[in-house]
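What follows is a single structure, written as structure tokens, with notes after it.
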Amino acid sequence: MDTISSLFLFSFFLFVTTIIFDKIKGLRPSSASKKKFTDHHVITDHSHRPKFPQGSLGWPVLGETIEFVSSAYSDHPESFMDKRRLMYGRVFKSHIFGTATIVSTDAEVNKAVLQSDSTTFVPFYPKTVRELMGKSSILLINGSLHRRFHGLVGSFLKSPLLKAQIVRDMHKYLSESMDLWSEDQPVFLQDVSKTVAFKVLAKALISVEKGEELEELKEEFEKFISGLMSLPINFPGTQLHRSLQAKKKMVKQVEKIIEGKIKGAEDKEKDGVIAKDVVDVLLKDSSENLTHNLIASNMIDMMIPGHDSVPVLITLAVKFLSDSPSALHFLTVITETLRMGNVITGVMRKALKDVEIKGYVIPKGWCFFAYLRSVHLDKLYYDSPYKFNPWRWQEKDMNTSSFSPFGGGQRLCPGLDLARLEASIFLHHLVTRFR
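Residue numbers for the sequence shown follow the numbering used here, so the first one is 8 and each next one is one higher.
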């Protein structure tokens with residue numbers, strides 16, 4: 008899609024989804040924000056006056072979204088943020104994606120928000136994404152249900168059993184794919200890595216490995232994923248409607264798999280069954296909230312990284328490695344790729360109450376945008392930030408607020424270790440088989 012078409016879609020998206028003036032009352036901090044705060048609590052020190060971030064709300068309804076999206080397609084995607092950071096500071100106000108927003112390029116502020124619990128900040132996504140994910144998505148649920156679901160999934164994805172399985176599967180799938188590569192034909196690495204990553208993830212999540220079942224799932228998933236940035240109009244013929252129908256088909260397919268697992272385990276003791284995939288782990292949990300429909304729907308949502316994040320990480324790692332062929336320590340190459348490539352550009356939250364962090368007020372009802380890309384490319388945190396330098400990670404600590412490629416806090420991506428593992432294996436096969 009060219010830049011003009013993209014800008015048109017984004018502006019039209021905002022036009023049809025935003026009711027004019029319905030956010031006017033949210034464009035100013037509420038009266039409560041004039042109180043005195045420390046972190047997330049009211050204080051009585053009247054000598055302390057937290058400041059409301061400076062900035063501009065842009066055009067009515069559209070805000071500054073067009074300029075923000077336009078910069079993303081430019082040669083310098085950080086231009087939107089850099090310009091405002093110089094004018095207003097590292098934390099400023101704006102109006103993007105149809106809502107009043109506090110934007111932060113400050114590592115410490117981002118960390119504080121991402122580590123906050125669901126009583127202060129909750130996830131925020133565009134309307135189309137919310138509709139496609141559903142209210143029970145792991146991306147949207149909060150509280151004890153989210154902690155339980157996230158904990159179960161995260162523990163399994165980090166397990167030695169699954170990692171060993173993924174090493175075997177990656178070796179098998181990559182060998183099969185690379186055997187077909189021809190010297191006189193171009194190889195589209197992102198397409199190859201996308202296919203391999205999807206197979207690995209489908210097996211890890213629901214034990215679907217090959218054949219017609221996998222192909223049907225992949226075909227419907229392509230229809231589903233293409234609706235994530237579509238217009239929020241749901242009637243027959245629209246992209247959103249087609250995507251929702253595709254997800255319904257996939258959910259039914261996964262529910263059949265769940266029913267088969269339950270039937271197959273009837274003659275076995277529940278605790279004696281070894282979990283082979285994420286569905287097995289969730290089925291063994293006794294929580295009544297983890298319904299079969301919730302599990303099935305979330306398995307589809309968790310396939311998104313296999314379509315997007317992991318393939319982009321692999322492709323960028325190969326690109327950077329080709330520019331610096333002497334950098335053969337894959338872990339540092341991947342870490343530096345995550346910093347420069349910014350697979351996750353930023354994370355959005357919505358404030359449930361007025362909050363003060365590092366002297367800035369984030370008003371209740373406003374969106375908060377932790378723009379991770381600017382932090383990763385900030386000379387305050389990294390020497391020569393636009394230079395690919397994997398050797399910097401031989402001394403630099405990865406556990407710092409200035410490095411958060413997978414988000415942070417309770418919603419830290421549970422599959423981050425697998426993303427690194429898959430990228431490492433791909434690079435290993437590539438450099439040992441080809442020059």
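A virtual CB, placed ideally from N, CA and C, is assigned to each residue, including glycine.
Cα-Cα separation, residue i to residue j
i	j	result
aspartate 361	glycine 372	8 Å
proline 67	threonine 135	21 Å
leucine 159	leucine 289	7 Å
leucine 196	leucine 419	27 Å
leucine 164	proline 133	28 Å
proline 412	valine 354	10 Å
phenylalanine 376	leucine 320	22 Å
lysine 217	alanine 107	46 Å
leucine 83	leucine 384	It should be pointed out that residue 83 corresponds to histidine in this sequence rather than to leucine. Roughly 11 Å separates the two Cα atoms.
leucine 425	serine 86	32 Å
glutamine 192	phenylalanine 441	14 Å
lysine 283	glutamine 252	29 Å
valine 286	isoleucine 265	7 Å
serine 63	glutamate 71	8 Å
threonine 407	glycine 415	11 Å
threonine 126	leucine 359	7 Å
proline 60	lysine 206	45 Å
valine 49	lysine 230	In this predicted model, valine 49 has a pLDDT of only 38, less than 50, meaning its place in the structure is not dependable enough to derive any value.
asparagine 300	lysine 357	27 Å
leucine 121	isoleucine 103	20 Å
tryptophan 188	glutamate 222	21 Å
aspartate 89	isoleucine 311	30 Å
leucine 224	valine 215	9 Å
aspartate 186	tyrosine 95	54 Å
tryptophan 398	arginine 380	20 Å
threonine 439	proline 167	25 Å
serine 184	aspartate 113	42 Å
lysine 259	aspartate 176	26 Å
glycine 65	lysine 100	10 Å
glutamate 138	glycine 234	10 Å
histidine 157	arginine 97	31 Å
histidine 153	glutamate 190	48 Å
valine 382	histidine 178	35 Å
tyrosine 393	valine 368	31 Å
valine 76	leucine 328	29 Å
aspartate 404	serine 123	23 Å
Enclosing alpha helix (DSSP H) for residue i [first to last residue]
i	result
valine 129	Element bounds for valine 129: not the alpha helix (DSSP H) but the beta strand (DSSP E), 128-130.
glutamine 417	Taken as a continuous stretch (DSSP letters only), glutamine 417 belongs to no alpha helix (DSSP H), as it is neither H nor E.
aspartate 424	423-440
leucine 247	246-271
Host beta strand (DSSP E) of residue i (start-end)
i	result
glutamate 363	362-364
glycine 353	353-358
threonine 112	Where threonine 112 is concerned, there is no enclosing beta strand (DSSP E), given that its DSSP letter is neither H nor E.
tyrosine 367	367-369
phenylalanine 410	First-last for phenylalanine 410: undefined, no H or E at that position.
phenylalanine 375	374-378
Cβ separation of residue i and residue j, assumed to be a contact under 8 Å, to the nearest whole Å
i	j	result
lysine 256	glutamate 227	5 Å
threonine 339	glutamine 417	With 8 Å as the limit, threonine 339 and glutamine 417 do not qualify as a contact, their Cβ atoms being about 28 Å apart.
serine 304	serine 143	6 Å
methionine 140	isoleucine 213	Contact flag wrong, Cβ pair sits at about 18 Å.
glycine 161	proline 421	4 Å
arginine 427	isoleucine 351	Contact flag wrong, Cβ pair sits at about 14 Å.
lysine 118	glycine 366	About 15 Å separates the two Cβ atoms, so there is no contact after all.
valine 116	isoleucine 364	5 Å
glycine 348	alanine 204	In fact, because the Cβ distance is near 15 Å, the residues do not count as touching under 8 Å.
glutamate 343	isoleucine 173	Going by Cβ atoms, the distance from glutamate 343 to isoleucine 173 rounds to 23 Å, so no, they are not a contact pair.
threonine 201	proline 318	One detail in the question is off: residue 201 reads as lysine in this sequence, not threonine. Rounded, the Cβ-Cβ distance is 4 Å, consistent with contact.
aspartate 330	phenylalanine 395	6 Å
leucine 181	alanine 211	Leucine 181 to alanine 211, Cβ: 16 Å. No contact.
Residue i Cβ short of 6 Å to the ligand HEM heavy atom set
i	result
methionine 309	With respect to small molecules bound, the structure shown includes none, and the ligand HEM cannot be examined in it.
Point to revise | Entirely enclosed alpha helix (DSSP H) segments - the region 273-336, minimum 4 residues | key: 285-291, 299-308, 311-314 and 316-330
Review point. Is it a yes or a no for the region 424-439 touching the region 315-326, going by three-plus beta-carbon pairs under 8 Å?
Key: Enough Cβ pairs lie closer than 8 Å, so yes.
Practice item. Mind listing, in chain order, the continuous alpha helix (DSSP H) runs of no fewer than 4 residues lying wholly within the region 207-236? Key: 219-232
Practice item. Starting from the N-terminal side, write out each stretch of the beta strand (DSSP E) that is 3 residues or longer and does not extend beyond the region 119-206. Key: 128-130
Check your understanding: Does the region 236-246 come close enough to the region 186-201 that 3 or more CB-CB pairs lie under 8 Å?
Key -> The way I'd put it, the region 186-201 doesn't touch the region 236-246; fewer than three beta-carbon pairs between them come closer than 8 Å.
Practice item. Identify every run of the alpha helix (DSSP H) within the region 80-106, keeping only runs that are complete inside it and at least 4 residues long; order them along the chain. Key: Within the region 80-106, the complete alpha helix (DSSP H) runs of at least 4 residues fall at 86-95.
Check your understanding: Does the region 118-130 come within contact of the region 142-149, defined as at least 3 CB pairs closer than 8 Å?
Key -> yes
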